[in-house]
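Take a look at the structure set out below.
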Amino acid sequence: MHWSRLIIAAAVAGATGAVIVSGAHWMLQSTHGAPSDLHQELHEEVPLTAQEKQRLAQREDAYIARRAAIEQRVKVANGRLARAIALQPGWTPEVEAASRDVETAAADLERATLQHVVEMREGLDPHHRAAYDAALVKALSDGAK
42 MHWSRLIIAA AVAGATGAVI VSGAHWMLQS THGAPSDLHQ ELHEEVPLTA
92 QEKQRLAQRE DAYIARRAAI EQRVKVANGR LARAIALQPG WTPEVEAASR
142 DVETAAADLE RATLQHVVEM REGLDPHHRA AYDAALVKAL SDGAK
């Protein structure tokens, strides 16, 4: 009986972890899609100066570091959730707490991405910001379809 319960718990934890990882991956792709599309659109629509390129590169480097740290938090939170489910399959206080940790880390990643979009805009010369805004609206609208 003990082994069968352990096998079921492991299967539930694995399935739940797979769903969460898939959801996080989808979310990361969708949030990273907009800036990437925006980046490409910006280069197609706006002739950036050397100074703008330098400012944007600095902001991009800072964002990459922030994003990596938050993505690590998402992975750690997913691990805690899997362990909580493995220990006690079902919606327990431990599973609830771990799921909230996953949600918090994912929301932090979303906010960091949006902050990055704003920081990139601030790195542009004022006369290029309208084109950036139009590209941003287009990228977000295309992602909503």
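Positions in the sequence shown are counted from 1; adding 41 to them yields the working numbering. For glycine and all other residues, C-beta sits at the position ideal for the given N, C-alpha and C.
| Check | Outcome |
| --- | --- |
| Whole-Å CB distance - residue 111 paired with residue 138, under 8 Å assumed | The pair is not a contact, with the Cβ atoms about 19 Å apart (cut-off 8 Å). |
| For residue 124 and residue 63, the rounded distance between their alpha carbons | The predicted model places residue 63 with a pLDDT of 41, which falls under 50 and marks its position as unreliable; any figure quoted below should be read in that light. If I take the Cα positions, the gap works out to 18 Å. |
| With 16 other Cβ atoms within 10 Å as the buried cut-off, status of residue 184 | exposed |
| Contact between the segment 156-175 and the segment 89-100 (3+ Cβ pairs under 8 Å) | yes |
| Sequence-distant residues of the same chain with beta carbon closer than 7 Å to residue 129, five excluded per side | 135 |
| Residue 99 - containing alpha helix (DSSP H), residue span | 91-128 |
| C-alpha gap between residue 114 and residue 104, whole angstroms | 15 Å |
| Buried/exposed call for residue 178, threshold 16 Cβ in 10 Å | exposed |
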